[in-house]
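Q: In mature numbering (1 follows the signal peptide of the UniProt record, and there is no 0), the protein residues as written are -22 to -1, 1 to 83.
Note that beta-carbon positions come from the ideal geometry of N, C-alpha and C, so glycine has one too.
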Amino acid sequence: MATTLLVVLGLALLSADRGTGAGSRISTSVVDENSTTRLTCTLNDSNIPIVGHQWMKGDKVLQEDTEPGLTTQYEVDIDKRAGQYFCVFLPCLSPYWPPTPNLGI
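#1: Enumerated in chain order, which unbroken segments of the beta strand (DSSP E) with a length of 3 residues or greater are wholly contained in the stretch 37 to 61?
#2: Hey, could you find the ends of the beta strand (DSSP E) D23 is sitting in?
#3: How big is the Cα-Cα spacing for L40 and E53?
#4: Tell me the residue span of the beta strand (DSSP E) that contains S5.
#5: Kindly indicate which three-state DSSP category P69 falls into: helix, strand or coil?
#6: Taking all protein chains shown into account, decide if R59 is buried (16 or more other Cβ within 10 angstroms of its Cβ) or exposed.
#7: So G30 and D43 are in contact, right, with Cβ under 8 Å, and what is the actual spacing, rounded?
#8: Give the single residue among L48, S7, P73 and S13 whose Cα lies nearest to the Cα of D55.
#9: At a Cβ threshold of 7 Å, is D23 touching chain D?
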């Protein structure tokens, strides 16, 4: 039986000039339902806004979104699931984050 290995890339935690990400954790799950396997990654906290997610297999992007959530999911056919899958949390890289207060000048 083929196995699925889910590897997590917490890119939102690696921005050295944006915060340490200390205490942040990513939990994963792999659930088989009928003819599909659902892969889930959940980031418990981030002091950097999340602006999207990617699911990758090797160097190929399988799915990408622009959702801000701390959870992302990907479904794959159970017969084609073998391999390493990567979930990537995309951090906000705007130089204007965090926003400065409107001073009304």
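A: For this structure:
#1: 38 to 43 and 49 to 55
#2: From DSSP, D23 is part of no beta strand (DSSP E); its letter is neither H nor E.
#3: 10 Å
#4: I4 to E11
#5: strand
#6: buried
#7: 6 Å
#8: Closest by alpha carbon: S13.
#9: Absent here is chain D; the protein component of the structure consists of one chain.
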